[in-house]
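Enquirer: Take 63 as the starting number for the sequence shown in my numbering and just add one per residue.
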Amino acid sequence: MKFHKNSLKLAGLYLAIIMTISLFFSASIYELSTQELDRGLRRPGPIVDLQQRDLPIDLNQRFENARNASYEEAKSRVLERLVFTNLMILVAAGFLSYYLAHRTLKPIEEANDSLERFTADASHELRTPIAAMQAEIEVALMNPRLKLSETKSILKSNLEELSKLTDLSEGLLKLARVKNGRLPKQSVAIKKVLQDSTNDKKQLAEAKSIKLNIDSAKDISVLGDEPSLKELFKILIDNAIKYSPDKSEVSLSVTKTKKEALIAITDQGIGMKASEIPHIFERFYRADSSRSKDNKEGYGLGLAIAKNIVDLHQGSIDVSRNLSSGSTFSIKLPLSE
Ligand code: ADP
């Protein structure tokens, strides 16, 4: 509704500008035409020299009247044309102005909506751990016989909440960095990036006895920024481990086409519903609460960061459900050569 109102306001402004210009030109054309008509039709002096020819004496008067009548008629015809043209311009410019206003405001509106949603989501995520800490501290303060062990357990729980807040602020910072950033790109050997990323997540995998396999030729290099690519794969490997059962496998494979490297990260985890797939890369989106939110930590920022990193590399990222179980994230990145 607000968007429609703003579009109308801007369209009104466009229309006012167009009509001012049109009316200014019309007035000039009218002025010029009447001057020309005046010069052409109402020159001073008799039309015919009556003395030289033997003509009735009131002939000049009759010519004069006819000339004046043609002058007035031509003047009103010019005026009519100009009014008609301006009416046509008014209608056409009205539609055009609305169309242009709509097009101008649409991206601004979308950016505004996205910012509002982001602020609302971020404040919601911030509020939850803060409220939990506040409640615990308030209850503890009301207890006059608070024991040391209880105090310690409250502090421990507060520390956990604080660590969640740290994760959230780090996630937000990363997102802001990759959203506004431009990356210095060079040739990066993809196998090495995958090895480094899996090494970083080794402990996490070992804790769940998950096997991490890499299947990649040595010589595939992409054009990119190494730290950002590591960040991208760490997010995907982290998720693959987080959403997989113990003793399963996560495989990373790299192939290439003429222009692109294709990297697939496949897990045997909980997978996702088809209806969740279109939202999976949105900020703060977390799939079905019963399956992931309750027992897995996270804020739904990882895949949004991953998507932004891939976009900055002019690549693409998709996810598909595996036939048996789990999911596969497929990334395409431009080759460096
Ligand atoms: P987070 O993992 O912190 O919730 P992400 O942005 O990394 O946030 O992921 C968004 C959601 O996508 C997750 O909440 C989870 O539901 C789903 N998801 C991501 N990776 C996987 C995966 N490998 N298997 C199943 N679901 C996944």
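Even for Gly, the Cβ is constructed at its ideal location relative to N, Cα and C.
Just so you know, these numbers come straight off a predicted model, no measurement behind them.
Specify the secondary structure class of Ile342 as computed by DSSP and reduced to three states.
Expert: Coil.
Enquirer: Cβ-heavy atom distance between Arg348 and the ligand ADP below 6 Å?
Expert: Within the cutoff, so yes.
Enquirer: According to DSSP, which residues form a beta bridge with Phe391?
Expert: Partner(s): Ile327 and Val381.
Enquirer: Could you tell me which of Lys320, Ala202, Leu274 and Leu363 sits nearest to Ile297, measuring between CA atoms?
Expert: The shortest Cα separation from Ile297 among Lys320, Ala202, Leu274 and Leu363 belongs to Leu363.
Enquirer: Are the beta-carbon atoms belonging to Lys309 and Ser271 less than 7 Å from one another?
Expert: Contact: yes.
Enquirer: Cutting at 6 Å between CB atoms, please list the residues of its own chain near Lys71, excluding the five before and the five after it.
Expert: Closer than 6 Å at Cβ, skipping near neighbours: no residue.
Enquirer: Report the rounded CA-to-CA distance for Asn174 versus Lys335, giving the unit in angstroms.
Expert: Going from the Cα of Asn174 to the Cα of Lys335 covers about 30 Å.
Enquirer: Taking the straight line between their C-alpha atoms, what separation do you get for Ser352 and His341?
Expert: Reliability of the predicted coordinates at Ser352 is poor, the pLDDT of 45 falling under 50, and the value obtained from them is presented with this limitation in mind. If I take the Cα positions, the gap works out to 17 Å.
Enquirer: Please list, in chain order, all residues of the same chain as Leu85 whose beta carbon is under 7 Å from its beta carbon, the five residues on each side excluded.
Expert: Closer than 7 Å at Cβ, skipping near neighbours: Asn148.
Enquirer: Kindly give me the distance between the Cβ atoms of Val140 and Ser95, rounded to whole angstroms, as I take these residues to be in contact under 8 Å.
Expert: The pair is a contact, with the Cβ atoms about 5 Å apart (cut-off 8 Å).
Enquirer: Let me check one thing: in DSSP terms, what residues is Thr317 bridge-paired to?
Expert: Thr317 is bridged to Leu324.
Enquirer: Under 7 Å, do Ser382 and Lys394 count as touching if we go by C-beta distance?
Expert: Their beta carbons are not under 7 Å apart, which means Ser382 does not touch Lys394 by this criterion.
Enquirer: Would you say the beta carbon of Leu365 is closer than 6 Å to some non-hydrogen atom of the ligand ADP?
Expert: Leu365: yes, Cβ under 6 Å from the ligand ADP.
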